[in-house]
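In what follows, a single structure is set out as structure tokens and then discussed.
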Amino acid sequence: MQRAYDWGTPIELLTPEEMARADLLAIGGVDGGGYRLMCNAGLAVGREPVTRYPQATAFDVLCGPGNNGGDGYVVARLLHEWGSLVRVWTDGAPRAATDAALAAADCPVTVAPLADFVPSPGAVVVDALYGAGLTRALDGAALQAARACNAAGCTVVSVDLPSGVSGASGVSLGDAFAALLTVTFFRRKPGHMLEPGRRLCGETIVADIGIEGGVLDVVKPLAFVNSPLSWRHSFPRPDPDQHKYSRGHVAVFSGGMISTGAARLAAMAAARIGAGAVTIYSPAAAIATNAAHLTSIMLRKIDDASELRAALAARAPDAFVLGPGFGLGRPVRETVLSLLRGTQKGVLVLDADGLSAFRDEPEGLFEDARRSRMGLVLTPHEGEFARLFPDLACSDTLSKLDKAREAANRAGSVVVYKGPDTVIAAPDGRAAINANGSPYLATAGSGDVLAGMIAGLCAQNMPAFDAACVAVWIHAEAALRFGPGLIAEDLPGMLPPLLGELLAD
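Final position of the sequence shown in our numbering is 1428; the numbers increase by one with none missing.
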């Protein structure tokens, strides 16, 4: 059986500032202090290119003036000791009496100015110029080196993060190195996970350089890589004593007669993810259309507020999906606010039209969400996010992670900010960046399936934030395994084997 995940991969994400704190905490607990950690880092980086690229004619190590450059000097020394042809190019000497200065002094390779660097055919470039803490665009010789390497299609191995990429946001601050391999230390940074940083990193390896995991108890990071390791503790498992309603009941609001498919996709996804009962709330005009396509999914006519109140009084669902195919010509706001104000339990997953309906007055939605006893999950893509949070969407200073966190805090809701680097954020500051995004999910209806999956997990008493993380990961994993030709209807059928793997793990 294919394993769903490598359980040994670290999941915590550290901002550059948090990583700096971790380094300082670690230095006092390591013999040799910071220089020992630097030597460990250089060893972790150096063994990768010499192993992966035995055909390399030479290694060009580009060193900056800080600790990233210090790692580069260690790499150059080791490659030289191992018998490789090494050239070192520097963008400024390290400050005296620093660990980087010690590394430069220990490196026997002659140093040349970075301004003289020209990529050579067959050589591997080790980019040790500037790491995750860079907050400005590359300029001067570093900028020219990045442009030259990218134009020549060089094999680039980056130390910590490709120079020119922000460790906090993944944004390319100007021209940046495009690496085939990036070796970082202890834990990844948001810049490794957020686009375009993820793409510019190539393959990212997290190396153990001797920093003890206990420093995380002091740093207390709130961001992590979305993976089963982060939520397996709350993953729902069937109980022999359960019946269909105790396994969770989901209600999905349907659109009109010619807009029913989205609701059925969400409903089937909720059922496949494990909800024991799923009901489509359908307007009378769409009852026949929905009935013709449903078998295990129940159907109930809901045309107005009184029928909705009667349905909730008869058997209140544990989770709702509202928005997919619902239609903006219908009373979306009234239905949403009625649920938030009148329902005493459960979770509402708001997607598509359910989000767009509040574009002119999102604060009313947020205020009701903060007061409600009901949980709320918002699942916007880029355009929908901009409609609800226009000031956040247009900010040039906030990363996608920061935007999702602020949105969740403002809305009092879990926010699933969708995209190739989907971010899931909770009002308390926790956030996860998804690592297994798939381009095959760029197909009509895939978001409806995701909304149904989140509701199906919430209905099984999974906390809303965890449920959103699980659904996003499984949704993407299902698409990756199906591959080319995927359409939204394929996704629910991909869930059972994945659930089997997760339950076995």
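Using N, Cα and C, we set each Cβ at its ideal position, and we do this for glycine too.
query: By alpha-carbon positions, which one of 1274, 1319, 1414 ends up nearest to residue 1247?; result: 1274
query: Decide yes or no for the touch test of the segment 1321 to 1331 against the segment 1340 to 1356: beta carbon pairs closer than 8 Å, at least 3 of them.; result: yes
query: Give every residue of the same chain whose Cβ lies closer than 8 Å to the Cβ of residue 971, excluding the five residues on either side of it in the sequence, and list them in chain order.; result: 1080, 1104, 1106, 1128
query: Helix, strand or coil: how does DSSP classify residue 1284 here?; result: coil
query: At what residues does the alpha helix (DSSP H) containing residue 1154 begin and finish?; result: 1151 to 1154
query: To the nearest whole angstrom, what separates the beta carbons of residue 1302 and residue 1370, a pair I think is in contact under 8 Å?; result: 7 Å
query: So, helix, strand or coil for residue 1036, using DSSP?; result: strand
query: For residue 1307, count neighbouring Cβ atoms within 10 angstroms of its own Cβ and tell me buried if that reaches 16, exposed if not.; result: buried
query: Please classify residue 1282 as buried or exposed, where buried requires at least 16 neighbouring CB atoms within 10 angstroms.; result: exposed
query: With H, G and I counted as helix, E and B as strand and the rest as coil, what does DSSP make of residue 1020?; result: coil
query: Measuring only the C-alpha atoms, how far is residue 1153 from residue 1147?; result: 8 Å
query: Go ahead and label residue 1041 buried or exposed: buried means 16 or more other beta carbons lie within 10 angstroms of its beta carbon, across all protein chains shown.; result: exposed
query: Three Cβ pairs or more, each shorter than 8 Å: is that satisfied between the segment 1394 to 1402 and the segment 1364 to 1384?; result: yes
query: Which residues mark the beginning and the end of the alpha helix (DSSP H) in which residue 958 is found?; result: 956 to 975
query: The beta strand (DSSP E) with residue 1312 in it runs from where to where?; result: Careful: residue 1312 lies outside any beta strand (DSSP E) and carries neither H nor E.
query: Using the DSSP secondary-structure output, state which residues sit across from residue 1013 in a beta bridge.; result: 986, 1036
query: Count the CB pairs spanning the segment 980 to 991 and the segment 1018 to 1032 that are closer than 8 Å, and state whether there are at least three.; result: yes
query: Considering only the beta carbon of each residue, do residue 1173 and residue 1094 sit closer than 8 Å?; result: no
query: Can you tell me which of 1423, 1400, 1383 puts its alpha carbon nearest to the alpha carbon of residue 1165?; result: 1383
query: Determine, using beta-carbon pairs with one atom in the segment 1132 to 1145 and one in the segment 1205 to 1215, whether at least three such pairs fall under 8 Å.; result: no
query: Which word fits residue 1272, buried or exposed, when buried means at least 16 other C-beta atoms lie within 10 angstroms of its C-beta?; result: buried
query: Which runs of the beta strand (DSSP E) fall wholly inside the segment 1199 to 1244 and span at least 3 residues, in chain order?; result: 1200 to 1205, 1221 to 1224
query: Helix, strand or coil for residue 1298? Go by DSSP, reduced to three states.; result: strand
query: Quickly, what does DSSP pair residue 1126 with across the bridge? List them, please.; result: 1104
query: Taking all protein chains shown into account, decide if residue 1008 is buried (16 or more other Cβ within 10 angstroms of its Cβ) or exposed.; result: exposed
query: Evaluate residue 934 with the Cβ neighbour count: other Cβ atoms within 10 Å of its Cβ, from every protein chain shown; 16 or more gives buried, anything less gives exposed.; result: buried
query: With three or more beta-carbon pairs closer than 8 Å as the criterion, would you say the segment 988 to 997 touches the segment 1043 to 1054?; result: yes
query: Could you spell out the range, first to last residue, of the beta strand (DSSP E) harbouring residue 1172?; result: 1172 to 1176
query: Excluding the five sequence neighbours on either side, which residues of its own chain have a C-beta within less than 8 Å of the C-beta of residue 1366, listed in chain order?; result: 1409, 1410, 1411
query: With DSSP run on the structure shown, which of helix, strand or coil describes residue 1415?; result: helix
query: Which residues in the same chain have their Cβ closer than 6 Å to the Cβ of residue 1368, if we skip the five residues on either side of it in sequence?; result: 1188, 1411
query: Return the CA-CA distance between residue 1155 and residue 1425, expressed in angstroms with no decimal places.; result: 8 Å
query: Between residue 1418 and residue 1402, is the Cβ-Cβ spacing less than 8 Å?; result: no
query: Leaving out five residues before and five after residue 1262 in sequence, what residues of the same chain have Cβ atoms less than 6 Å from its Cβ?; result: 1271
query: How many whole angstroms separate the CB atoms of residue 1099 and residue 1037, which I take to be in contact at a CB cut-off of 8 Å?; result: Wrong, their Cβ atoms sit about 16 Å apart, outside the cutoff.
query: Check for me: the alpha helix (DSSP H) holding residue 1273 runs from which residue to which?; result: Element bounds for residue 1273: not the alpha helix (DSSP H) but the beta strand (DSSP E), 1270 to 1273.
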